[in-house]
Structures are given as structure tokens and as C-alpha cells.
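So in the working numbering, the last one in the first sequence is 1159, and the numbering has no gaps at all. Each residue gets a CB set at the ideal place from its N, CA and C atoms; glycine is no exception. Each remark here refers to the structure printed beneath this line.
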Amino acid sequence: MDQEAPPQFYNPSRAESDVQDYWTSHGTFEATENSSLPKYYCLAMFPYPSGQLHMGHVRTYTLGDVIGRFQRLQGKNVLQPMGWDAFGLPAENAAIKHQVPPAKWTMQNIAHMKAQLQSLGFAYDWTRELATCDPDYYRWEQWFFTRMFKKGLVYKKAAWVNWDPVDQTVLANEQVIDGRGWRSDAPVERRELAQWFLKITDYAEELLDNLDRLPGWPDKIKTMQRNWIGRSEGVEITFPGVDQPGITVYTTRPDTLFGTTYLAVAPQHELAVAAAKSNPSLQLFLDECNQVKVAEAEMAQLEKKGMPTGHSARHPLTGVDVPIWVANFVLMEYGSGAVMSVPAHDQRDWEFARKYGLPIAQVIEPEAGEIDLESASFTDKGRLVNSGEFDGLNFDEARNAIATRLEALNLGSRQVNYRLRDWGVSRQRYWGCPIPIIHCDKCGPVAVPESELPVLLPTDVRFEGVASPLKSMPEWYETSCPDCGGPAVRETDTFDTFMESSWYYARFACSKHSESMLDERAKYWGSVDHYVGGEEHAILHLLYARFFHKVMRDEGLVDSDEPFEKLLMLGMVLQDGVKMSKSAGDAGDPQVLLAKFGADAVRMAMMFAAPPEQSFEWSANGVESANRWLRTRLWNPVMVHLDAINSAGITTIDKAGLTEAQKDMRRITHETLAKAEDDYGRRLTFNTVIAAVMAMMNAVQKFHDESSQGRAVVHEALNAAVLIMSPITPHICHLLWRKLNDEPLESAVWLRVDETALTRSVVNVVVQVNGKLRGQLEVAPDTSLEEIERDARALDNVVKFMHDKTVRKVINVPNKLINFVVG
RNA sequence: GCCCGGGUGGUGAAAUUGGUAGACACGCGAGACUUAAAAUCUCGUCGCCUUUGGGCGGUGCCGGUUCGACCCCGGCCCCGGGCACCA
């Protein structure tokens, strides 16, 4: 940029750093709790400090900033904080690869990314910044966990993990590539480890029901969460054992019980494991099943395979023996790890039965028509057949009758089941929050007392291999039992990083507070009014945070039931068709564009590219044209106008004395204001805000009027343009607003729409014949149908298409359309 | 595989409640300014046909509802996100 450029030329790099200095020195965006204005907490999902900002970040934070700045213009007391989701796997990967301690690597990344965020001019209150790897943060997470522990919301059970037999370590799902460890290339094995779980299922019902009380959430996210929680009503049924303990299954189709021709258990089910001890080929099959990584997607795409266990169980109502199979598609984590298989009425069971020659017994018939069990199963509900005394009952009747019978026999019970599983929070990793538990041989697991928190994560570590250094630090894990004082060891696992992101939004209210997890300020800021983030977080993060919020509420820490009132779920910024990631490289790096065209142009290009919920492929092309528009269509016209009013002065608008052209210009200005307000506040489509301002400025360019009223009308239009654009391009608008109004932008309020300016003297009515466009009419608003019909019938082109036909119907949409239906 | 989305000109997109498909831009083409270029400005730009009035076709594909469908319904194809240890 030309350092000598006089101030009337647009120079983004100088202008933006000046404006940013102004914001910093004036503390413009530092939020306080003692405002008379209504509070507005606007939050964008905090980033993992991977080291480089990419365009996905730019999009998320710009969208959040636009919302926050718009709400500020609407007279709200806005809080927009920023922090760092600083624990996680990439820091360990970097440590292993480059021998740099995760803490150091993370802090360097934070410093770099903070500078990048600041150069984009977001209206953050940086005084509230937090990093989750800071002991001042995670000590309260540990404290909260011990509260949950004492409440009985925490328990330990064995769970399956991906085990790398060469590196002797647990692998994350993303570290397993085609069934092999990413570093060792060894085939992964499933292994059972004792893990800590949080009883999120205790809250399943509330998490589901409260979705109905979140009107500010997109329906698609609520649907995803509903499906994920997966409430179902069914019956738990016990098939008594023949030569082994009975098998308990859960089914939502008890009406098909008589069609059960075999049972299927998960490969990890105890019966399968026991049976394999004396059956080498079954053991071989189980081993094969255990060489698939621990992910539902893997499981679901496997070829369906099974093997008989050699055992059978007794049908609870018929007493007939049914064989027990092991099947690789039965999930150990869902229900009881066993299912009753009804091949006639379940397609997966049908395919399995056909493959292995198992019998298929029809017990449901359709209300009408024929079925062919040779070609497929019949899965609709219908009437029972071949079911003894239950024959003839429909689904509801049969479900009740069979459940009642099973309950009487003590072989079943009605059960509401959730697909949602408890949250396993143990990670066998170093770079995370230490789980504040001490294992004592005498007392068992004991929560670390509050006075001894935080359990500090040592930061001066070296990665010798790939395993967590904590596992080989006796000086760290050897301790004494808080209860009996005897020798004991610390838990060396750390928390799932979703723990940190489940409550950070609340901590921002009082991030520096050292006396408790949250204080009264958390109640002042309350729920996040608008939460902005990527749709990849639609389920897990949001569900865990909702769960934490409810537990915090039950502990008296917050007042509300839900953490996020309104939710904006952003589509992905794609690169080469997939979501941008840390490894994506330079194409996602905004630095070059920032230096060349400025933050305003980058922000504007990003907002203009697509509406927020839509995923799109990033292209840098728009940035240059955004810069050009700001310079030639916003900055320059304001400068020309300022010259004009400097020499000729400025007057107020005389509404009664305007020419038609001046009225038109004013109408466009106020239509644009109204549209911008609606798009910003309700529709959240900022691309169309920009388009509307562009159209308005095109009209200003064409509006040549040297009169004093003309200047006043232009003045109003330019003020509207600057104000409307200011949430998106805050730096240039800060400068232009001051030049136009001699007051700082942050004391400006949104311009009111002048309803009288919106009235039109003519409206355009479309004339159709049989739904096809045949002409147009310019008429006064609210012209009578008779008059419009008469004028429309007189149009040459309408005559052409109607002259030899009979009008059967006339459709009229007032001030918009008239349609002659002829035949 | 299962759950949730998406598919509109050469490109990004707009069309808000079923009512003029393609606003606003990018790109491209033509022109103005210039010795020239850059920058800037003006005009044109869905395809085909045309007597230049206009006509026909067109929103992933096939079918349906309706006076009228990008929009609603049924069936398919393709792309993206999530699937519990990436965050």
C-alpha cells in the first residue's frame, strides 16, 4: 500500500490498524454487568489452537461478530468473548513428531492465532480470554467432576477401545486407517479397559423433551438430537437358558415374538466369549470381529456374518428351543448386547437367515394383500398369525397382551429404552485434564478433596514413545489416600476434551474468578442468546453441553434449563470438496488475503459467498472484488458527497417537497433498511444484506441531483449504507460514519425505517394466461380487480392467447398477479 | 449401512407464505478514457428460435398434486456432515 496516500483514499491496512488501536485504547468491546441495556450474550464456538486460522474459522467468527455487532446497534449490552479449546490430540502428535512439549506448542499456537483473530477486527472482550489447559480453568472442571462423583453421576465400567499392539497404546478412531494403526501400521485390536462414565442417560428424557422448548434452534438439529437420543418403547424379554444363563433381549416389536427363530448376541457378549473357550473356530470368528475399530460406521458396513454358539435358549412363551448365534452386527453397547431375530419381519434378520439357512416363520399378516417372504421380509405392522392365543390381534393389542403375559411369567417387562449411551470420559492420553480420582487398595476410587485441587498436569514432559508420559511418572501418580492415608495412586487417564467445551460458555462470565467455578455474573449473562458454530458439532458437543448445563442447574450454579437459546449452525467451508482441516495447508490461510485486501474485504467476501447454513467451496476470488466495492462503491461516493456538503452545506429532508426521483431514492433507502433489519435479525442471511446495499448504492450512483434536497437524500442513503454494512465491514464504516456524522459509530443506533417513505405510487401486476406470463400492468396500488381484469384483457399479447377460448376462472393475487384460466 | 442436509446460468448465488426463475456479484464480451497498459466508467451476458412484437425450453433424474411448483408429495441418482476416542 502507498504510505503517502492522502486520507481521502481508501487504504485498508492503515485504516484497519488505526481503528483497531482505537477500539483497544477505548475498551470499546469490554462488557460490563452494570448496564441498563438488555444483555445479549453472543458466542461463537471457540477454536482448537491448531496453529493456523483457516477460512472455516474466518467464517464462524465473522458470522458471530456480525450478529454481535448488529445486536449492539439494536441497543443491547453485548458480550462476545473468545478463548481456546486447548487440550487435545494434535498437541501430542506434534510432541511425538517434533519433540516439543504440548504446553509450549499450544501456547505458541494460541499467541499466533490470537494475533490473526485480532487482525480480523472482531469485537471481542479479550479481558475474558481463557484457555482450557490453564489450571485456573480445569481445576473447576475437576471440582465439578468430584461433585458429580458424590452425586452418583459418575461410575466406572469396562469399555472397548482401539488397541495398537505394536505401539502398546490406545488409538483414537481417526488414528485407525483401514483397520491399522496410523504409526505402526499394525492391525488394531479391540481391547476392554476400565473407564469413567457420566450418567448422561439419567437426563435422556429431559434432554429429549426440552428440545420442544428451543424455538431458536433449527429443526434439523433438533431432529438429529432426537434421533441420537433415540427414545423407544419396547419390552425387555428373557429367554431362559437351556444349559447356560438366560439371554435378555430388548425389542420394539414384541408382537413378532412368536416369529423368533434364533437369537443373536454381540461378539463381545459373555455367552459368546464363554462358548468360544471350547470352540476354536468360534474363537477365530470372535478374534476376527475384534479386529474392527470401535466405530459404529465400521460395524454397520461390514458384511453381515455370524456363527452358532452351540447353545440355545427357551422361547419364553412357546417353550421351543431357539439357537443362539453370534452376529457381527449386534452392538454390545446398545440394549443388552443381544437381539431376538425375527427373519419374517425384519430385513436384516431375513438376510442373515437366508445366508445361514435359518428358518423364517411368518407371524404377522398385512391388513390387505399378499406378502412374499421368499423375496423380502414384511416389516409393516399388521395382524398376528401363528401366535397361539394372540392370533388376530393388531400391533397395539398384541404388544400389550404379550407384555402383560411376559410380566406375569416374570420373563419380561415394558421398558423405555434410549439409543443414547452414557458418556465415557476417560482418555489414555497426556494432554488433557487429569481425572481427579485416587485409587486406594483399601478404599477403592476416592475423589480428590476440594482443598487439593487442582490436580496439576505436569508440563515439563518428554515423549519417549507414543504413550502418555503420565503412565511412567511414579513421582506424579504415587500419592496417599485422602480417606485412609495409606499408599495410593492417582488416575493417570485424562478427560475427554468435550468436558472442557461443555461449560466454557458459562465460565466466560467470570473467567478470572478464583473462588468458585461460577459466580453471580454467570447468572447475569445467563444462557447464550445466540450460539454460532459448525454443523459438525450438531450432536455431540451440543448434547454434552446441554447435559452439563442441566447438572450445573441442579447444583445451583446456573438458573436456566438450557445453555443456548438460539443456534446458528454453519455449513462447512469446503476445500476440494471436504471440510477444511488443520492439514489442509495454505489454501485455507487468510493471511495473504488479509495483507493484500484488508480484513473488511475478507469478512465481506466471506459473508457474501453464501448464506450461513450452506456449505460451500472456498474461493479467494471474491476478496478482491469486495475490496474494489468498498473502495469504488462505498468509500469514494462518501468522499465525493463530503466534498459537496463541505462547499454547499447540508439541509434536512423536506418530505412533502420531494421530486419523484428523490422519493424513489428515499424509498430504496428505507426498503433497504427494512430488508437489512429483517435479514440480520430474523433470517440471518447476510449475503442478501450485502446484495441489497449493493443495489442501493447502484441507485445512488445513478441518482444525479445537485439540489440541496438531493444532497440530503444522498446523505441519508450513505448513512444507511455505512450503518448497514458496519457489522460486516466495521473498520471502513467506523471511519466513514465519523466523517459523515462527527460521532463514533459505537454510539450510533440503528436507523428507523420511515414507513411513509415505503409507499409506492405504482405497482407491477403480472398477467398470466394458464399460468404463463403474457404481460404486465403498471397500476396504482389496490386498483380494483375489475379494472385490472379489463386492462389485462386489453393487452395485445393476452388477446392473442385468449381470443378463441373461454375464460373458466380468474385467479387474482392483489397487487401482484392476475391469471386467466382458459380452455 | 443408519441419521441429517444439499443439488438453480461459465462461477458464487437470489427468489422470505405455492405467484414474473436467475436479484446482487464474479467471469466473459463489446465500448469509453489512455500514446499504451493498469485502474475506472458504460452497455451486454440461461439456451434455442424469431417477422425483434415475441415464442419455446429450462432449477440433479422420473412421476404426481395445483389455475400456477426451485418451493408440496412419491420414487431414484449424486454430493456433504455426523455415527459416541478429530475437534
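Quiz item: At what residues does the alpha helix (DSSP H) containing Lys1136 begin and finish?
Solution: Asp1132 to Met1138
Practice problem: Could you tell me which uninterrupted alpha helix (DSSP H) segments, each at least 4 residues in length, are contained entirely in the segment 737–816, listed from first to last along the chain? | Solution: 810–813
Practice problem: Taking Ser349 as the reference, give the member of Gly768, Leu1081, Lys1038 and Ala935 with the closest Cα. | Solution: Ala935
Quiz item: Is it true that the segment 434–442 meets the segment 491–511, where meeting means three or more beta-carbon pairs spaced less than 8 Å apart?
Solution: no
Quiz item: Can you find at least 3 beta carbon pairs, one from the segment 707–720 and one from the segment 548–565, that sit closer than 8 Å?
Solution: no
Quiz item: Smallest Cα separation from Ile583: which of Ala495, Glu606 and Ser863?
Solution: Glu606
Self-check item: Sub-8 Å separation of Val1105 and Val1149 beta-carbons
Solution: no
Exercise. Have a look at Leu745 and Glu572 and give me their C-alpha separation to the nearest angstrom.
Key: 13 Å
Quiz item: Count the other CB atoms within 10 Å of the CB of His362; is the residue buried (16 or more) or exposed (fewer)?
Solution: exposed
Exercise. Give me the Cα-Cα distance between Phe481 and Arg527, rounded to the nearest whole angstrom.
Key: 26 Å
Self-check item: Residue from Ser614, Gly760, Gly400 and Asp819 whose Cα sits closest to the Cα of Lys778
Solution: Asp819
Quiz item: Where does Leu910 fall in DSSP's three states?
Solution: strand
Self-check item: Nearest to Gly419 (by Cα), restricted to the options Phe406, Gln407, Met443 and Ile700
Solution: Met443
Exercise. Quick one: grab the DSSP three-state call for Ser677.
Key: strand
Practice problem: Using beta-carbon positions only, say whether Ala1179 and Leu929 come within less than 8 Å of one another. | Solution: A question about residue 1179 goes unanswered here, because the residues of the chain that appear run from 337 up to 1159.
Self-check item: Endpoints, the alpha helix (DSSP H) within which Asp401 is located
Solution: Met391 to Leu409
Self-check item: C-alpha distance - Gln407 paired with Ala962, whole-angstrom precision
Solution: 24 Å
Quiz item: If we count the other Cβ atoms within 10 Å of its Cβ and call it buried at 16 or more, is Leu1072 buried or exposed?
Solution: buried
Quiz item: Taking just the CA atoms, how far does Ile1004 sit from Arg1096?
Solution: 11 Å
Quiz item: Taking the continuous alpha helix (DSSP H) assigned at Phe575, which residues delimit it?
Solution: Unbroken run through Phe575 is the beta strand (DSSP E), Arg567 to Phe575; no alpha helix (DSSP H).
Practice problem: Can you give me the start and stop residues for the beta strand (DSSP E) that Ile1147 sits inside? | Solution: Val1143 to Val1149
Quiz prompt | Cβ-Cβ distance between Met449 and Pro385 below 8 Å | solution = yes
Quiz item: Hey, out of Leu878, Phe900, Ser787 and Ser838, whose CA is closest to Glu851's CA?
Solution: Ser787
Quiz item: Going by C-alpha distance, which of Gln764, Phe665 and Tyr670 is nearest Phe688?
Solution: Phe665
Quiz prompt | Pick from Glu733, Ala633 and Gln751 that is closest to Thr588, judged by C-alpha positions | solution = Gln751
Quiz item: Can you tell which of Gln561, Asp591 and Trp564 has the C-alpha that lies nearest to the C-alpha of Gly570?
Solution: Asp591
Practice problem: Figure out for me which residue from Phe834, Glu1091 and Lys691 has the closest Cα to the Cα of Gly760. | Solution: Phe834
Quiz item: If you drop the 5 nearest sequence neighbours on each side, which residues of the same chain put their C-beta closer than 8 Å to that of Glu800?
Solution: Ser808
Self-check item: 7 Å Cβ shell around His885 - same chain, five flanking residues per side excluded
Solution: Val894, Glu898 and Pro899
Quiz item: Can Ala1128 and Ile1147 be called in contact, C-beta distance under 8 Å?
Solution: no
Self-check item: 8 Å contact criterion, which Trp476 and Met853 should meet: CB distance rounded
Solution: 4 Å
Quiz prompt | Unbroken beta strand (DSSP E) run spanning Ile660, endpoints | solution = Asp657 to Ala663
Exercise. Decide if Pro770 is buried, meaning its Cβ has at least 16 other Cβ atoms within 10 Å, or exposed.
Key: buried
Quiz prompt | Beta-carbon proximity check, Ala335 vs Arg405, cutoff 8 Å | solution = This structure does not reach residue 335, given that the chain is present from 337 up to 1159, and the question cannot be answered.
Self-check item: Reference Leu806, options Met560, Ala842 and Gln764, closest by Cα
Solution: Gln764
Exercise. If I'm right that Thr596 touches Ser677 with Cβ under 8 Å, what's the distance once you round it to whole angstroms?
Key: 6 Å
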